[in-house]
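Visitor: Each residue of the sequence shown is one higher than the one before, starting from 36 at the first, in the working numbering.
All residues carry an ideal CB built from backbone N, CA and C; glycine is no exception.
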Amino acid sequence: MYSPYVIHIGPSCCGCGACVRQCVRDNFALAGDRRTSDSAPLDDRDGGGCAATDDRAEAKKDYVCVGCMACVKWCPTHALIITPAKPVSAYIRAR
36 MYSPYVIHIG PSCCGCGACV RQCVRDNFAL AGDRRTSDSA PLDDRDGGGC
86 AATDDRAEAK KDYVCVGCMA CVKWCPTHAL IITPAKPVSA YIRAR
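Next comes the structure, spelled out in structure tokens:
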């Protein structure tokens with residue numbers, strides 16, 4: 036299926052899983068091995084809401100992003116960028 040938005044995950048991703056929990060379309064998964072226990076609250080790990088993990092968020096293979104920006108809003112390291120798949124002018128011309 037075609038996604039109208041493209042998800043870019045930057046190198047500052049700390050693997051906290053905020054995007055995984057907040058995405059309404061379930062477009063994200065964590066990849067890697069955890070070094071901390073899941074029982075500790077996110078705010079108590081590493082001070083900034085990030086866990087000390089080897090995890091990294093990844094977009095699933097056939098994701099369909101609707102552009103709600105929930106993942107961007109909740110990312111503590113601002114590692115996510117959502118961009119339109121087509122230039123905005125293409126959407127305007129299609130109307």
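#1: Note the first and the last residue of the continuous beta strand (DSSP E) segment covering residue 107.
#2: Buried or exposed: residue 90, going by 16 or more other Cβ atoms within 10 Å of its Cβ?
#3: What is the rounded straight-line gap between the Cα of residue 66 and the Cα of residue 37?
#4: Report the rounded CA-to-CA distance for residue 105 versus residue 96, giving the unit in angstroms.
#5: Using a beta-carbon distance below 7 Å, is residue 99 in contact with chain D?
#6: Does the distance from the C-beta atom of residue 62 to that of residue 40 stay below 7 Å?
#7: What does the alpha-carbon distance come out to for the pair residue 113 and residue 48?
#8: Counting C-beta neighbours from all protein chains within 10 Å, is the total for residue 42 16 or more, i.e. buried, or is it exposed?
Guide: With the structure as the only source:
#1: Position 72 of the sequence shown, counted from the start, is the residue given in the question as residue 107. Looking at the DSSP string, residue 107 is not in any beta strand (DSSP E); the run it does join, the alpha helix (DSSP H), is 105-109.
#2: As a working note, residue 90 is residue 55 in the sequence shown. Its Cβ being crowded by 16 or more others within 10 Å, residue 90 is buried.
#3: The residue given as residue 66 occupies position 31 in the sequence shown. The residue given as residue 37 occupies position 2 in the sequence shown. So the alpha carbons of these two residues sit roughly 24 Å apart.
#4: The residue labelled residue 105 in the question sits at position 70 within the sequence shown. The residue labelled residue 96 in the question sits at position 61 within the sequence shown. Going from the Cα of residue 105 to the Cα of residue 96 covers about 19 Å.
#5: Considering every chain present, this structure includes no chain D. It has just one protein chain.
#6: Residue numbering aside, residue 62 sits at position 27 when the sequence shown is read from its first letter. Residue numbering aside, residue 40 sits at position 5 when the sequence shown is read from its first letter. Against a cut-off of 7 Å, the Cβ pair of residue 40 and residue 62 comes out as no contact.
#7: Mapped onto the sequence shown, residue 113 falls at position 78. Mapped onto the sequence shown, residue 48 falls at position 13. Looking at the two C-alpha atoms, the distance is approximately 8 Å.
#8: Sequence index remark: in the sequence shown, residue 42 carries index 7 (1-based). By the 10 Å Cβ count, residue 42 comes out buried.
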